[in-house]
Amino acid sequence: MNQQPIVLPYGDPAFVADPYPFYRQLCQGRPGEDGPVRRAVIAGGLEVWLVTPFEECLAALSDPRLSSDIRLASDPLLMQRLPVAERESVLGNMLRADPPDHTRLRRLVSRAFTARRVAGLRPHVQGIADRLLDAVVPTGRADLIEDFALPLPVTVISELLGVPTDDRRAFQRWVDDLLPWGAEPQDPAVVERAWRQMRAYLTGLLATKRVQPGDDLLSALIEARDEQHRLTEDELVSMAFLLLAAGYITTVNLIGGGIAALLAHPDQLRMLREDPALLPDAIEELLRYDGPLNPGIARFASEDVSIAGVDIPRGATVLVGSALADRDPERFPDPDRLDITRGDSAHLAFGHGIHYCLGASLARMEGEVAIG
């Protein structure tokens with residue numbers, strides 16, 4: 001495969017607003033360049049091997065030779081390109097870990113995302129959503145993202161982690177600086193300052209919860225560490241940041257993108273209003289139609305591998321194009337059509353395999369509350 005890599009046009013506002021026409025053209029192929037795996041240049045000028053068909057993406061996410069450990073990447077600049085928060089937390093969270101460390105970390109955290117705990121959170125999430133909406137009603141206008149989609153998941157994850165109410169304003173400010181909404185990256189100095197402040201805060205909060213534990217995830221993780229010696233201090237802070245980032249980004253994209261998609265398809269919105277029982281299926285279709293992981297999920301080849309007949313060298317970055325796979329016509333008939341009655345939840349919006357999003361049930365529930 002000697003052709004020039006395809007460049008994803010992140011500088012084009014039309015692509016940022018709606019990348020799917022470009023994805024469609026990409027998947028249809030160009031003379032001499034069609035195929036399920038191809039070289040591509042993504043944001044920041046990073047060159048990757050892009051996998052696009054659904055079945056190949058599914059297989060790639062299950063392949064143990066494709067690691068989540070970014071330290072395996074042959075590009076020496078890759079770690080340097082990460083925000084400081086990710087660089088410092090990369091060694092301690094399960095998103096970037098492989099078994100057996102991943103297995104150990106996931107087992108400890110999974111207790112927070114049981115069906116019972118998520119169901120118990122629903123009344124709180126509904127109350128938060130109601131208060132956010134009540135606050136904007138008198139003004140007669142609202143910004144969907146700033147007034148609703150952003151503060152809802154931040155408040156929920158704050159409660160889940162056990163962040164005291166008085167600290168949540170500062171907590172949200174750090175979140176806004178660390179995980180900015182939009183295409184433009186945040187000023188590195190702002191990101192670093194926010195990370196240092198949040199890390200210091202989380203370290204202090206962990207110390208408090210050792211003395212005064214509560215019914216929250218941080219207290220549960222501390223107990224697991226202190227009694228069984230399974231989590232280090234760095235792992236505790238890193239896991240807290242991972243839960244924050246995962247619970248925040250996924251849900252903001254689901255709420256914002258989901259509502260935008262329904263407004264752009266008034267027939268589907270009308271159908272949902274007439275039959276609220278369609279809400280769970282609607283959430284699955286919205287996740288498939290415009291998922292939160294766009295264009296996809298990064299993996300790193302721990303050895304030379306072959307995907308769909310294409311040889312990929314050890315250390316290469318493989319981008320599993322979940323957003324493209326979820327529009328694959330071989331897997332989803334008429335994939336560019338939003339159909340809340342599709343009834344197919346086998347999408348890749350939350351990944352697949354051992355790294356399947358642990359907070360998927362929480363994100364779905366928040367999406368149902370926000371959109372319903």
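The sequence shown begins at 1 in this note's numbering and counts up by one. Just so it is clear, CB atoms sit at the ideal spot from N, CA and C, and this is done for glycine as well. Note that the coordinates shown come from a computational prediction; the quantities given were computed from them, not determined experimentally.
If you ignore the 5 residues before and after leucine 269, its C-beta comes within less than 7 Å of the C-beta of Leu262 and Leu263, all in its own chain and listed in chain order.
The criterion of a C-beta distance shorter than 9 Å is not satisfied by leucine 72 and valine 175. If you ignore the 5 residues before and after arginine 299, its C-beta comes within less than 7 Å of the C-beta of Ala60, Leu66, Ser67, Ser68, Val318 and Val320, all in its own chain and listed in chain order. Taking a contact as a CB-CB distance under 8 Å, the pair proline 36 and proline 53 counts as one, their CB atoms being some 5 Å apart. The residue among Pro99, Arg131, Gly204 and Leu231 with its C-alpha nearest the C-alpha of glycine 353 is Pro99. By the C-beta density criterion, alanine 149 is buried, having at least 16 other C-beta atoms within 10 angstroms. Judged by beta-carbon spacing, leucine 278 lies beyond the 9 Å limit of phenylalanine 113, meaning their Cβ atoms are not closer than that value. Between the alpha carbons of histidine 265 and leucine 338 lies a distance of about 8 Å. DSSP places alanine 189 outside any beta strand (DSSP E); the residue lies instead in the alpha helix (DSSP H), whose first and last residues are 188-211. In terms of CA proximity to glycine 296, Leu348 leads the group Leu348, Arg210, Asp147 and Ala119. Residue burial is scored here from C-beta neighbours: tyrosine 248 has at least 16 other C-beta atoms within 10 angstroms and is therefore classed as buried. Counting every other CB atom within 10 Å of its CB across the protein chains shown gives aspartate 336 a total below 16, marking it as exposed.
In the structure shown, phenylalanine 22 falls within a helical segment according to DSSP collapsed to helix, strand and coil. Of all alpha-carbon atoms in Asp290, Asp267 and Arg122, the one lying nearest the alpha-carbon of valine 369 is that of Arg122. Per DSSP, threonine 139 is not a residue of any beta strand (DSSP E), being assigned neither H nor E.
Cβ contact annotation for leucine 358 (same chain, cutoff 7 Å, sequence separation greater than five): Arg106, Val109, Ser110 and Phe113, in chain order.
Of the candidates Asp328, Arg38, Gln212 and Ser322, the residue whose Cα lies closest to the Cα of glycine 309 is Arg38. Here DSSP, grouped into helix, strand and coil, assigns threonine 341 to coil. The three-state secondary structure of serine 67, taken from DSSP, is strand.
Around phenylalanine 15, the same chain offers Pro9 and Phe22 as residues with beta carbons nearer than 6 Å, after the five sequence neighbours per side are excluded.
Under the three-state reduction of DSSP, valine 51 is assigned to strand. In this structure, the straight-line span from the alpha carbon of aspartate 328 to that of glutamate 285 is close to 14 Å. For secondary structure counted as the beta strand (DSSP E) over 3 or more consecutive residues, the segment 235-303 holds these complete runs in sequence order: 297-301. Counted as a single uninterrupted DSSP element, the stretch harbouring valine 109 is not any beta strand (DSSP E) but the alpha helix (DSSP H) occupying residues 101-109. By the criterion of a C-beta distance shorter than 7 Å, leucine 144 is surrounded in its chain by Gly256 and Ile259, once the five residues flanking it on both sides are discounted. Remark: C-beta atoms of alanine 240 and glutamine 197 do not approach each other more closely than 9 Å. Taking C-beta atoms under 8 Å as the contact rule, glycine 140 and lysine 209 fail to qualify, at a distance of about 42 Å.
Annotation note: the segment 302-330 contains the following uninterrupted alpha helix (DSSP H) runs of length 4 or greater, listed N- to C-terminal: 322-325.
Separation of the CB atoms of leucine 160 and leucine 217 is rounded to 5 Å, and the pair is thereby assigned contact status at 8 Å.
The beta carbon of histidine 124 lies closer than 8 Å to those of Val156 and Glu159 in the same chain, with the five residues before and after it left out.
Cβ-Cβ separation between proline 151 and leucine 132: approximately 6 Å, consistent with a contact (criterion under 8 Å). Each residue's CA atom was taken as its position, placing proline 292 and asparagine 253 some 5 Å apart.
For alanine 40, the beta-bridge partners assigned by DSSP are Ile6 and Val48. Distances from the CA of leucine 231 to each of Thr251, Val211 and Leu206 were compared; the closest alpha carbon is that of Leu206. Per the coordinates, the alpha-carbon of alanine 200 lies some 9 Å from the alpha-carbon of valine 237. Taking the Cα of isoleucine 307 as reference, the smallest distance to any Cα among Asp12, Thr165 and Leu58 is reached at Leu58.
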